[in-house]
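With positions in the sequence shown counted from 1, the corresponding number in the numbering used here is that position plus 44. The beta carbon of each residue, even a glycine, is placed where N, CA and C say it ideally should be.
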Amino acid sequence: MNPDPALTAAPARPPRWLRLLRSLILIGLCLSLMVITALVVIGCLPAASASLKQLFSWGSKVPKGAVSLTVLFVILVPLIVLAVAERKRWLSWPVLAASCLVVLPVLGWLAWDEPAIRQPIAIEEFSPVFPGAEQSHAVLMQYSRQTPSEEAKAFAATKLNAPVLANPDNPAKWLESVTKNRAAIEADWATLAPQRRWFGELAAFERIGDLTPSDYGANIMSFQAWRTLSKYTCAMATLLALDGRGDEAIALLGPQLEVSRKLQLSSRRLTRTMIAEVVERVILQTAALVLDRTPVSAASRARLTAALAHENGPALARRLLLIEYVLFAPYVNRMKLGDHLAGTWGNEKTWLRRPLNFLSALFFNPVATTNIHGDHVRELAELAAARDLGRFKVRSGDFSDILLRQPGMKNVGGRLMLSVAVPAYPKILENHWKTADLRIGLRARLATVN
């Protein structure tokens, strides 16, 4: 018996447009599964997230081994799964439709961001402009990193005679270093006349403004000239004290102390605040040494006391914690994932910028990232102001561990970014309170001197 031709004929080939649509759906499904696989691997495996966090660290080397293994796994697993399913003819139209109905809401959930920032602080609110801010900032920026004055360029090329001096925190070594290099210090002091003139102009302002925009690439003050001048000021004040000229020594130290405190009050950068605290600390240590070595008149003690007035340790401690958040929040909200990674890698792998920017919303939720950071620094700021250093250290250390070990595939990029972006706050706060203690101690000492 001959078979019916209608039963043995091959099934009709679908039209081209339908085959093209099916191919596009498969490609989209494959790419979506790759993204989801990557997020599951990075977000739910602490070892993977700990290795890949270096991608978000400025100036760090890209961990090529970890990245290669992750990329290989992320690409191969969805491809193998779909290839096997296609070979076994499991990917019918109903299965494809059901897969899309599952994957698309997941992608939408990954891309959804929180509606508002919970801790909104504009940099203009944090460090407002006041009368005279522009003028004082202009004087300060004569020694800037990106647009230095001719005087600043000349200073950068200047070679000083004195070797690297010890620090006043060790009085014995400091005195030995200063007395041994007296001639070189005095010669260098004369060489630093342009910087002393600049500093005198800066010290004359009642307040010193900071107009730096909220941009990590913005032009900022170059601190080398000030740090050099402050070290030589301490050395010259010490030499004057050894010569019995205490009033002249205090006259040198007073402006340095005043400027260091003024710079902290209006600072928009953590670096500027930290350098100002370092300078303040060495000035305080030198002032104590001067009082140990030579008599100082009542007028000089009064001037030094005035420079130490208005104790604001708790407020400055709170400010130390918030200052990076004020800069970080707008940066995070205007930059996509590819832009950030291209910036951290330098010129390496910049070709990844556009595809990563395209996928940025799936890996990185800027408002949620800002809120995680903001809630954390608000808590730390209150602990810092209360000088609860024990709890502060614990909570500060917990933050990075929680970000890396908390499982979850949402906002993986934001969590990795925060795990490397938060500074070593315990050490910063410890130095802040050491300086505050020196300030309070010197003020108490001046109050008891007859």
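Residue i versus residue j: straight-line alpha-carbon distance, rounded
{"i": "F249", "j": "R337", "result": "31 Å"}
{"i": "G290", "j": "L333", "result": "10 Å"}
{"i": "F267", "j": "Y187", "result": "8 Å"}
{"i": "K224", "j": "G298", "result": "25 Å"}
{"i": "V128", "j": "L89", "result": "26 Å"}
{"i": "T414", "j": "S304", "result": "31 Å"}
{"i": "G357", "j": "A281", "result": "26 Å"}
{"i": "E158", "j": "I264", "result": "33 Å"}
{"i": "V183", "j": "R241", "result": "11 Å"}
{"i": "L371", "j": "I167", "result": "7 Å"}
{"i": "E169", "j": "I367", "result": "12 Å"}
{"i": "I86", "j": "V118", "result": "10 Å"}
{"i": "V326", "j": "N455", "result": "44 Å"}
{"i": "P192", "j": "F199", "result": "10 Å"}
{"i": "T114", "j": "V125", "result": "17 Å"}
{"i": "I416", "j": "Y369", "result": "11 Å"}
{"i": "A350", "j": "G441", "result": "38 Å"}
{"i": "L396", "j": "L120", "result": "19 Å"}
{"i": "V323", "j": "P212", "result": "11 Å"}
{"i": "M45", "j": "A56", "result": "Residue placement at M45 cannot be trusted, given a pLDDT of 49 that sits under 50; what the coordinates show is reported in the next sentence. Roughly 25 Å between the two C-alpha positions."}
{"i": "E220", "j": "N214", "result": "10 Å"}
{"i": "A353", "j": "A412", "result": "41 Å"}
{"i": "R459", "j": "F174", "result": "37 Å"}
{"i": "K306", "j": "R251", "result": "6 Å"}
{"i": "L140", "j": "L75", "result": "14 Å"}
{"i": "A465", "j": "L433", "result": "21 Å"}
{"i": "D419", "j": "P339", "result": "51 Å"}
{"i": "R378", "j": "L462", "result": "16 Å"}
{"i": "L246", "j": "E423", "result": "35 Å"}
Residues bridged to residue i [DSSP beta-bridge criterion]
{"i": "M453", "result": "None, per the DSSP bridge assignment."}
{"i": "S188", "result": "M265"}
Collapsed DSSP secondary structure at residue i in the structure displayed
{"i": "V208", "result": "coil"}
{"i": "N377", "result": "helix"}
{"i": "V518", "result": "Lying before the first or after the last residue shown, residue 518 is absent from the chain, which here runs from 45 to 494."}
{"i": "Q163", "result": "coil"}
{"i": "A248", "result": "coil"}
{"i": "W153", "result": "helix"}
{"i": "E292", "result": "helix"}
{"i": "L89", "result": "coil"}
{"i": "W134", "result": "coil"}
{"i": "A196", "result": "helix"}
{"i": "Y369", "result": "helix"}
{"i": "V173", "result": "coil"}
{"i": "P122", "result": "helix"}
{"i": "R431", "result": "coil"}
{"i": "A480", "result": "helix"}
{"i": "N23", "result": "Nothing about residue 23 can be reported from this structure: the residues present for the chain run from 45 to 494 only."}
{"i": "V466", "result": "coil"}
{"i": "E355", "result": "coil"}
Buried versus exposed call for residue i [16 or more other C-beta atoms within 10 Å across all chains shown]
{"i": "W156", "result": "exposed"}
{"i": "K380", "result": "buried"}
{"i": "G12", "result": "Look at the range of the chain in this structure, 45 to 494, and you will see that residue 12 is not part of it."}
{"i": "R131", "result": "exposed"}
{"i": "D232", "result": "buried"}
{"i": "G253", "result": "buried"}
{"i": "A331", "result": "buried"}
{"i": "N409", "result": "buried"}
Problem set entry | contact_flag[the region 302 to 319, the region 257 to 277] where n(CB pairs < 8 Å) is 3 or more | Segments in contact, yes.
Exercise. Are there three or more Cβ pairs, one per stretch, closer than 8 Å when the region 398 to 413 is compared with the region 432 to 452?
Worked result: Fewer than three pairs of CB atoms, one per stretch, sit closer than 8 Å, so the region 398 to 413 makes no contact with the region 432 to 452.
Exercise. Do the region 435 to 444 and the region 459 to 479 make contact, defined as three or more Cβ pairs closer than 8 Å?
Worked result: Contact holds: three or more Cβ-Cβ distances are below 8 Å.
Exercise. Is there contact between the region 142 to 161 and the region 213 to 230, where contact requires at least three CB pairs shorter than 8 Å?
Worked result: By the Cβ rule, the region 142 to 161 does not count as touching the region 213 to 230, because fewer than three pairs are nearer than 8 Å.
Problem set entry | Inter-stretch contact (C-beta, 8 Å, three-pair minimum) for the region 59 to 66 and the region 420 to 429 | Contact between the region 59 to 66 and the region 420 to 429 is absent, because fewer than three Cβ pairs lie under 8 Å.
For this session: Report yes or no: do the region 148 to 168 and the region 191 to 207 share at least 3 C-beta pairs separated by less than 8 Å?
Result: Contact fails: fewer than three Cβ-Cβ distances are below 8 Å.
Problem set entry | Inter-stretch contact at 8 Å, needing at least 3 Cβ pairs: the region 375 to 389 / the region 272 to 281 | Counting Cβ pairs under 8 Å, fewer than three are found: no touch.
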